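Protein chains in written order, with UniProt numbering: chain A, 1 to 448; chain B, 1 to 448.
Here's the structure we're looking at; comments come further down.
There are 2 protein chains.
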Amino acid sequence: MKNIDNIKLDPTQVLVLGFAAVILVGALLLNLPIASIDGKSIGFLNALFTSTSAVCVTGLVVVDTGTYWTAFGKTVILILIQVGGLGFMTMATLFAIILGRKISLKERLVIQQALNQNSLSGLVRFTQYILIGTFIIEGIGALILSFTFVPELGWSKGIAYSIFHSISAFCNAGFDIIGGGVSLMPYVTDPVVNFTVWALIILGGIGFSVIVEVANLRKFKKLSLHSKIVIFMTCLLLGIGFVSYLLLEWNNPNTIGDLSFGGKLMASTFQSITPRTAGFNTVDTSQLTTASKMLTIVLMYIGGSPASTAGGIKTVTMGVILFTVITEIKGREDTEIFGRRLTRNIVNRSLTIGVIGMAYIIISTMLLTITDSGFEFIEVFFEAASALGTVGLSLGITSELSALGRIVIIFSMFLGRLGPLTIAFALARQNRNSKGAIRYPEEKIIVG
Amino acid sequence: MKNIDNIKLDPTQVLVLGFAAVILVGALLLNLPIASIDGKSIGFLNALFTSTSAVCVTGLVVVDTGTYWTAFGKTVILILIQVGGLGFMTMATLFAIILGRKISLKERLVIQQALNQNSLSGLVRFTQYILIGTFIIEGIGALILSFTFVPELGWSKGIAYSIFHSISAFCNAGFDIIGGGVSLMPYVTDPVVNFTVWALIILGGIGFSVIVEVANLRKFKKLSLHSKIVIFMTCLLLGIGFVSYLLLEWNNPNTIGDLSFGGKLMASTFQSITPRTAGFNTVDTSQLTTASKMLTIVLMYIGGSPASTAGGIKTVTMGVILFTVITEIKGREDTEIFGRRLTRNIVNRSLTIGVIGMAYIIISTMLLTITDSGFEFIEVFFEAASALGTVGLSLGITSELSALGRIVIIFSMFLGRLGPLTIAFALARQNRNSKGAIRYPEEKIIVG
Ligand SMILES: [K+]
Ligand SMILES: [K+]
C-alpha cells in the first residue's frame with residue numbers, strides 16, 4: 001500500500017494547487033446568500049470569477065464591488081486579495097532564494113539561515129519579515145488615505161475605505177468599493193489619494209527584495225543587477241507612459257482635456273502607473289483615444305516586476321529582451337546590462353516567457369471574439385491583455401461577457417498570475433546545472 | 001577636390017538607394033496624365049503610393065488597378081512589380097552568398113565563382129540564372145492561367161490577364177487587374193486559377209536557393225538546414241492557416257459558408273497561402289470573422305521566406321524563435337533544429353528582427369489611429385500589419401486613408417520590404433568575425 005507521504009509535490013505544484021484551493025474556498029464563500037446585498041446567491045460561475053479575480057489580484061469584476069456585496073462579501077474579497085497578493089509575493093521571493101539568486105546585505109542577513117541551511121525556521125522568519133513589511137506599508141497607506149476618506153464619509157466608512165483601498169493598491173488588486181464602477185475617478189485631482197495610491201502601487205509592484213535593497217543601500221551603483229534592471233525598466237515604462245498619455249489625451253474632453261495643467265499631469269501619471277498591473281483608474285478607460293488603448297495593452301502585457309504583487313511578463317523579462325536587441329544592434333554577442341553579461345539561459349528564458357505570453361493573449365483574444373462576437377475587437381483584445389496581465393482595467397465589457405467568455409477570462413487570470421513564475425521556475429530548475437563557458441562576470445536575475 | 005569614386009556605399013545602402021530611385025521613377029511615370037484613363041494626373045502622393053506598393057510588391061492600392069489605369073499605367077506597374085520582386089530576390093540571395101552561407105551542390109556549382117573569387121562575371125552569371133528561372137516559372141504560370149482567361153476574355157485581353165497575374169503572383173505583389181477591387185474573388189472555385197496561383201505564390205515566397213536545392217536533391221534529409229527550416233515552417237503555417245480558416249469560416253455565409261465542400265477546402269487553402277504575403281484574395285477579407293482577421297494579422301507579420309519575393313519577418317526568423325522556445329522548455333541551453341545547433345548570434349538576430357517588426361506594427365497602428373481616427377481599430381491594425389509585411393490584404397480602408405495615413409503606409413511598405421534584410425545583413429556583417437565556442441556542429445541560416 002502506497003503511503004501518502006510518498007506523494008511528493010514540487011514547489012510549483014504546491015503553488016498552483018494552493019492558489020486553486022484558496023480560489024475555490026473564496027468562491028464557495030462568495031456564493032453564499034449572505035455575501036450579496038439582495039440576499040440571493042450570485043451563482044457559482046460569478047462567485048468563481050470574483051474569487052479568481054481577487055486571489056489573482058486582477059480586479060476585473062462582473063458585479064460592482066461597492067454596491068453588490070455585503071460587508072461580509074467585501075471582507076471575504078479583501079482577505080482573498082491579501083492572501084493572494086502576499087502569498088504570491090512570498091512564494092515568488094522564496095523561489096528566487098531556492099534558485100540561489102544573489103541576495104545582498106541586509107536581505108542576506110535576514111534570510112541567511114533559509115539560504116544556507118534551508119531550515120524551516122529560517123523560512124518562517126523570512127516570511128514573517130515580508131508579512132510585517134507589508135502590514136507596515138499598508139498601514140501607513142491606510143492612515144494617509146484616511147485624511148481624504150474620513151472627512152468625506154465619516155469615521156467607520158472612512159476607515160473601511162482607507163484600509164480596503166490601501167490593501168487593494170499595495171496588492172495591485174485594483175478592486176474598489178467606491179461604487180458605480182467608477183474606480184478612483186472621483187479623486188482624479190485629489191493629491192492625497194493620488195500620491196498615496198501611486199506609492200502603494202509602485203512599492204507593491206516592484207518586488208520585496210528591491211525595496212529592501214534600496215532601503216539599505218541607497219546608491220544605484222551598489223544595487224544587485226536585478227534591482228538595477230527593475231528600477232531602470234520601471235522608470236522607463238513610467239516615463240514613456242506619462243509622456244504618451246499626456247500628449248495623446250491632451251485635447252480629449254472625455255479624459256484629461258478639461259482638467260487644469262496640474263490635473264492633466266496628475267491624471268497622466270496615474271494612467272502610466274496603473275498598467276504596472278494595478279488596475280485602478282482615475283479617468284474613464286473606455287474614453288481613452290485608440291492610440292492610448294493600444295499603448296495600455298502593451299504596458300499591461302509587460303506589467304510589473306518579478307517576485308512582487310504585480311502581473312504581466314515582468315519588467316525584467318522585457319528588459320532582457322530590450323537589452324538583447326540593443327546589444328545585437330551594437331554587434332556584441334553577449335547580452336550586456338549595466339556592465340554585466342547575461343547567460344544565454346536567461347535570454348532564452350525571457351524570450352520564451354515573452355512569446356508564450358503573447359501567444360496566450362492572441363489565442364484568448366480569438367476565443368473571446370468567438371464566444372462574445374458582439375463586442376468591438378479592441379474591447380476583447382484589451383480585456384484579454386488585462387486578464388493575462390492581472391491588471392483589471394477594462395473598456396467596460398466584463399459584466400456583459402457570456403458564460404464561456406467568463407470562463408476564458410477566469411483561466412487567463414489564473415494563468416496570468418501563476419504562469420510566468422511557474423514557467424520561469426521550471427525552466428530555471430532544469431537549466432540550473434548546465435554549465436556555460438566562463439567569460440565575463442555573470443549575474444543571475446529573476447525573470448517572469 | 002574629392003573624387004566621386006571615393007564615396008563608397010555598402011551593399012545595403014546600394015539596395016536602399018536603388019529601390020528608392022526605382023520608386024521615384026515609377027511615381028513620376030504614374031503621375032503622367034497618359035497613365036490614367038480619365039486623362040488627368042493622379043497627383044504625386046497617390047502616384048508615389050502606387051509605385052511604392054508595386055516596387056515593394058505589396059499590393060495595397062488607393063485606386064482600382066483594373067479600372068483606373070490605362071494600358072500604359074498597367075504596364076508601368078507590371079514592370080515595377082517585376083523589377084521590385086526580382087531585384088529584391090536577387091540582391092537578397094547575393095547578400096546571403098556574400099555572408100558565406102553554406103550553399104549546396106548544384107547551387108554551389110552555379111555560383112562557385114561568385115563565392116570564391118567574388119568576380120563580377122560570377123555574380124552576373126548567377127543573376128542570369130535567377131532571371132531565367134523566374135521567367136520560366138512566370139511563363140508556365142501565364143500559360144496555364146490562359147486556359148481560364150482566354151476563353152473568358154478573348155485572346156488579347158486573356159493573354160494580358162494571364163501574364164499580369166502570373167507575374168503578380170510569383171512576385172507576391174498582389175496587384176490584380178480584374179477590376180472593381182474584387183481581387184480573385186470571381187475565381188474562388190476555379191481550379192485552374194487556384195492551383196496555378198497557389199504554386200506561383202509559394203514558389204515566389206520560398207526563396208530561390210530552396211527551389212534549386214529541392215529540385216536537385218529531392219530528399220528532405222539531404223537539404224541544407226536553411227531549406228529544412230523554410231519547408232517545415234511553410235508547411236506548419238499553411239497547415240495551421242488552412243485548418244483554422246476552415247473551422248472559423250465554415251458557417252460564415254459572407255465568405256465560404258455557402259460554398260460546396262470542395263469550394264470550402266479550396267477557399268481555405270487560398271486564404272492560408274495569401275498571408276505568405278501574396279495579397280490576393282478569393283473571399284472578401286473584410287467579411288472574415290474577427291478571429292480569422294486576427295490570425296491573418298499574425299500570419300502576415302510572419303510572412304514568407306528569406307531571399308524570396310515575400311515580406312514579413314520571415315519564416316526562418318519565426319522558426320528560430322519557435323525552436324528556441326521549444327529547446328528552452330526542454331531544458332537545453334542551445335537552440336537545436338533538425339540535429340543542428342544554432343549560434344547565439346542567430347537567435348539574438350531573430351529576436352531583434354521579431355521585436356523591431358512588432359514594435360513597428362504597434363507604432364504605425366497607433367499613428368494610423370491618430371491620422372485616421374474614423375476607422376475601427378482592427379481595420380488600421382490589419383492595414384499596418386499588411387503594409388509592413390508587404391502583403392496587400394486590406395479590410396477596405398486603403399483608398400479612404402488621409403494624406404498623412406498614406407504617407408505612414410508608404411513608409412511601412414518601404415521599411416517592410418527592405419528593413420528585415422538590411423537589419424539582418426548589417427547585424428550579420430558585424431557579428432561575422434566574432435568567435436563562439438565550438439561545441440556541436442553549427443550551421444548558418446538566413447534570417448530576415
Ligand atoms: K490588478
Ligand atoms: K504582396
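Positions of the beta carbon are idealized from the N, C-alpha and C atoms, including for glycine.
Quantities reported herein were computed from a predicted structural model and do not represent experimental measurements.
Within its own chain, the residues whose Cβ lies closer than 8 Å to the Cβ of B/L415, once the five positions on either side in sequence are excluded, are Y360 and L388, listed in chain order.
Interface criterion met: the Cβ of A/S373 is under 9 Å from a Cβ in chain B. The set of residues with CB atoms less than 7 Å from any heavy atom of ligand 2 reads, in chain order, B/V57, B/T58, B/G59, B/N172, B/A173, B/G174, B/T277, B/A278, B/G279, B/G311, B/T390, B/V391 and B/G392.
Going by DSSP, B/Q271 is part of the alpha helix (DSSP H) stretching over F261 to I273. With a cutoff of 9 Å on beta-carbon distance, A/M318 and A/M185 are scored as not near each other. Excluding five sequence positions before and after A/K330, none of the CB atoms of its chain fall closer than 6 Å to its own CB. By DSSP's assignment, B/E336 forms a beta bridge with B/R341.
Contact between the segment 168–182 of chain B and the segment 257–270 of chain B is absent, with fewer than three C-beta pairs closer than 8 Å. B/T50 sits away from B/I37, with the two beta carbons spaced by 9 Å or more. Think of a sphere of 9 Å around the beta carbon of A/M294: the chain B residues whose beta carbon falls inside it are I362, T365, M366, T369, F377 and F381, in chain order. In this structure, DSSP gives B/W69 an extended state, which the three-state scheme calls strand. Within chain A, not a single residue places a beta-carbon under 9 Å from that of B/A35; the smallest gap is close to 36 Å. Nearest to A/V76 by alpha-carbon distance, out of A/T58, A/G396, A/A47 and A/V62, is A/A47. For A/T296, the enclosing alpha helix (DSSP H) begins and ends at T290 to I302.
By the rule that beta-carbons nearer than 9 Å mark a contact, A/I356 touches chain B. With respect to the 9 Å criterion, A/I378 and B/F375 are not classified as neighbours on the basis of their beta carbons. For the alpha helix (DSSP H) assignment, the uninterrupted runs of no fewer than 4 residues enclosed by the segment 176–256 of chain A are, from N- to C-terminal side, 191–206, 208–217 and 225–249. Listed along chain A, no residue sits closer than 9 Å to B/A384 by beta-carbon distance, the nearest being about 10 Å off. For B/S386, the uninterrupted alpha helix (DSSP H) run begins and ends at F377 to L388, by DSSP. Close partners of B/I321 in chain A (Cβ separation under 8 Å): L351 and V355.
A straight line joining the alpha-carbon of A/L225 with that of B/V193 spans about 59 Å.
A/S146 carries a helical assignment under DSSP once its states are collapsed to helix, strand and coil. At a cut-off of 9 Å between beta-carbon atoms, A/A291 makes contact with chain B. In the DSSP assignment, A/S36 forms a beta bridge with A/W69. Under the Cβ distance rule, A/L15 does not count among the residues neighbouring chain B, no pair being separated by less than 9 Å. DSSP places B/T327 in the uninterrupted alpha helix (DSSP H) bounded by T315 to K330. With the rule of 3 Cβ pairs closer than 8 Å, the segment 71–87 of chain A counts as touching the segment 15–34 of chain A. For B/T324, the chain A residues whose C-beta falls within less than 8 Å of its own C-beta are N348, L351 and T352, listed in chain order.
Contact annotation: in the segment 298–312 of chain B, residues whose CB is within less than 8 Å of a CB in chain A are V298. Annotation for B/I163: the continuous alpha helix (DSSP H) segment containing it runs W155 to F170. Apart from the 5 residues on each side of it in sequence, A/L368 sits with its Cβ closer than 7 Å to the Cβ of V380, E383, A384, G405 and V408 in its chain, given in chain order. Residues S364, A387 and L388 of the same chain have their beta carbon placed closer than 6 Å to that of B/S412, with the five preceding and five following residues left out of the count. Going by beta carbons, B/T296 and B/S305 fall outside the 9 Å limit.
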